[in-house]
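Below: the structure, in structure tokens.
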Amino acid sequence: MNTINEIINNNNMVSPDSPVVNVNTAYKQQLTPLNKLALWITIKVGSMGFFILIFSWSALWLLWNTLGPKAYRFDPYPAFVLWLFISNLIQLLLMPLIMVGQNLQGIHAEIRAETDFRINQKSEMEIETILLRLEKQNELILEILKKLDSQKQPTNTSNPA
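With our numbering applied, the sequence shown covers 1 to 161.
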């Protein structure tokens, strides 16, 4: 995995003379298939849909094994050993993937922030150049107006009638 600076500098995303490149596309092209999988899992597991799924599954499991017909209860109250075992397996499998995905999202955010900073610097330099040109134009316009005023003013010759 490339570092943040390598991604930014190698792709010349923002330099004074180059056009701006979409850092999201450049970053996604740098990801390995496993990194893409980790990001996908992080996005899906971090959604309300997944929360509702897990909550519903747990509620149904606990209700069935507490209030269901005794003959059909497969994970007896109060221990719920099978439920705890399956929940722990899910946690053990998902937690490292979520952490990797969050780390990748953090790197992506840093790349975007660095690019935004460089774009802002570039914009500031361009604005300063424009302001200098406007000042020069104002000076030239004032000079032209002064010359026009001096040509317009009538001479003090009086006509004796």
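Ideal Cβ placement from N, Cα and C applies to all residues, glycine included.
Residue i beta carbon near the ligand MG (any heavy atom closer than 6 Å)
i, result
"I127", "Judged by which ligands are present, the structure shown has none, so any question about the ligand MG falls away."
7 Å Cβ cutoff met for residue i and residue j
i, j, result
"G101", "T32", "no"
"K104", "L39", "Residue identity differs from the one stated: residue 104 is Leu in this sequence, not Lys. A contact, by the Cβ cut-off of 7 Å."
"L94", "V45", "yes"
"N88", "Y77", "no"
"W83", "W57", "no"
Exposure label - residue i; buried when at least 16 CB within 10 Å
i, result
"I107", "buried"
"N120", "exposed"
"I130", "exposed"
"I111", "buried"
Element boundaries [alpha helix (DSSP H), containing residue i]
i, result
"S47", "Here S47 belongs to no alpha helix (DSSP H), and DSSP marks it neither H nor E."
"F117", "V81 to K152"
"V21", "Taken as a continuous stretch (DSSP letters only), V21 belongs to no alpha helix (DSSP H), as it is neither H nor E."
CA nearest to the CA of residue i, picked from the options
i, options, result
"V23", "L148, L140, L134 and R118", "R118"
"Y27", "E114, S150 and W64", "E114"
"V21", "D116, G68 and K36", "D116"
"I54", "K136, F85, I90 and E124", "I90"
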